[in-house]
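Report on the structure given below.
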Amino acid sequence: MAYRSRSIARTFYFPGFPTGVKWLLISNVAVFLIGFFAQLAQLDGPLRYLALSPVAVVKEFFIWQLATYMFLHAGFGHIIWNMLALWMFGADLEQTWGTRRFMQFYFFCGIGAGLCVIVLNYLLPWGNPAIPTIGSSGAIFGILMACAVLYPDRTILFSFLFPIQMKWFVLIVGAIAFLSSFQVNTGVSAFAHLGGLLFGYIFLKSPRMQFDLAGPIRRSYQDYKLRRAKKKFQVYLRKQSGKGPTIH
Numbered sequence: 158m159a160y161r162s163r164s165i166a167r168t169f170y171f172p173g174f175p176t177g178v179k180w181l182l183i184s185n186v187a188v189f190l191i192g193f194f195a196q197l198a199q200l201d202g203p204l205r206y207l208a209l210s211p212v213a214v215v216k217e218f219f220i221w222q223l224a225t226y227m228f229l230h231a232g233f234g235h236i237i238w239n240m241l242a243l244w245m246f247g248a249d250l251e252q253t254w255g256t257r258r259f260m261q262f263y264f265f266c267g268i269g270a271g272l273c274v275i276v277l278n279y280l281l282p283w284g285n286p287a288i289p290t291i292g293s294s295g296a297i298f299g300i301l302m303a304c305a306v307l308y309p310d311r312t313i314l315f316s317f318l319f320p321i322q323m324k325w326f327v328l329i330v331g332a333i334a335f336l337s338s339f340q341v342n343t344g345v346s347a348f349a350h351l352g353g354l355l356f357g358y359i360f361l362k363s364p365r366m367q368f369d370l371a372g373p374i375r376r377s378y379q380d381y382k383l384r385r386a387k388k389k390f391q392v393y394l395r396k397q398s399g400k401g402p403t404i405h
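Under the numbering used here, the first residue of the sequence shown is numbered 158, with each subsequent residue one higher.
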């Protein structure tokens, strides 16, 4: 897939490497390489606790897996295509929204997709809560949904060969994910793909949506500083009031 310029059909759009996309690429590749060499050395046991296992999240409360599973990938093809899609489509969103909002969106879609994986694997008869899920595809599908909503008529080259508008491309991959969700043992988590599309749409339709993991900590610290400043000011007033007569 690649963007195609509207003015010159054979000129490709280069989105650059904004901060958020750049560090997501670096972190995903770094974790993949650590896992790759750890597996060769048969030391990859701890990494298995990072994959999203619905059973582990529900019964053992391994809640961190809702975020960590996005940084694990099954092989070179898996990470290459996910990172390529992240760069090609995510960079444009980050340049439009800014790094903070883009990162909120990315993790909102990825964690939301993880929740869908858990819920659907428990609710649907053909679901299997014991099968772990890895990969950033849920967040990537959220990015695709955002691009389809914001840039519906943008032309991309599907598989670098076939020109197609963004809205039709996302409609096709969404339909494939929906049909795949009725199949078992495909090796691809269609639940995560559908969840990413769903939560991407929810985020876009909720302009005030905020998803900031550090927000409560930052607000608590700000409240603490405000209370401390008030106490210091009260002590200062008491000291000043005892120095002499008050003039009105």
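Idealized CB from N, CA, C, for every residue including glycine.
Quantities reported herein were computed from a predicted structural model and do not represent experimental measurements.
Start and end of the alpha helix (DSSP H) containing Leu314?
Here Leu314 belongs to no alpha helix (DSSP H); instead the beta strand (DSSP E) covers Thr312 to Phe315.
Are the beta-carbon atoms belonging to Phe228 and Phe356 less than 8 Å from one another?
no
Kindly confirm or deny that the stretch 321-337 and the stretch 275-286 touch, where touching means at least three C-beta pairs closer than 8 Å.
no
Please tell me whether His230 and Gly269 are closer than 8 Å, where the distance is taken between their beta carbons.
In this structure, the beta-carbon distance from His230 to Gly269 does not fall below 8 Å.
For Thr290 and Lys388, I'd like the C-alpha separation in whole angstroms.
Cα to Cα, the separation comes out at about 51 Å.
Tell whether a beta-carbon distance below 8 Å holds between Tyr263 and Ala305.
Result no, Cβ atoms of Tyr263 and Ala305 do not sit closer than 8 Å.
Which of the three DSSP states, helix, strand or coil, is assigned to Pro203?
Reduced to three states, the DSSP call for Pro203 is helix.
Could you check the C-alpha separation between Leu209 and Met260 for me, to the nearest Å?
20 Å
So the alpha helix (DSSP H) Phe356 belongs to, where does it begin and stop?
Ala347 to Leu361
Do Pro282 and Val212 have their CB atoms nearer than 8 Å?
no
To the nearest angstrom, how far is it from the Cα of Pro309 to the Cα of Gln252?
C-alpha separation (whole angstroms): 17 Å.
Taking DSSP as the reference, what is the three-state secondary structure of Ile321?
Strand, per DSSP.
Spatial distance of Arg311 from Lys362 (CA atoms)
Near 20 Å, if we compare the C-alpha coordinates of Lys362 and Arg311.
Counting only the same chain and skipping the five closest in sequence on each side, list residues whose C-beta sits under 6 Å from that of Gly177.
Glu251, Thr256, Phe259 and Met260
Leu328 versus Ile183: straight-line alpha-carbon distance, rounded:
30 Å
As a quick exercise: from Leu204, Ile321, Ala224 and Lys179, pick the residue whose alpha carbon is nearest that of Ile191.
Minimum Cα distance to Ile191 is reached at Leu204.
Please report the Cβ distance between His350 and Phe298, rounded to the nearest whole angstrom; I am assuming they are in contact, meaning their Cβ atoms lie under 8 Å.
5 Å
Rounded C-alpha distance that separates Phe317 from Leu243:
16 Å
Between Gln222 and the ligand FAD, is there a pair consisting of the residue's CB and a ligand heavy atom that are separated by less than 7 Å?
Annotation note on the ligand FAD: not contained in the displayed structure, which lists no ligands.
Gly271 vs Tyr226 beta-carbon contact at 8 Å:
In this structure, Tyr226 lies closer than 8 Å to Gly271 by Cβ.
Let me know the secondary structure DSSP gives Leu223 once reduced to three states.
helix
Please state whether the Cβ-Cβ distance between Ile313 and Ile300 is less than 8 Å.
No.
Rounding to the nearest angstrom, what Cα-Cα distance links Gly267 and Phe319 in this structure?
28 Å
According to DSSP, is Lys387 helix, strand or coil?
Note: Lys387 maps to helix in three-state DSSP.
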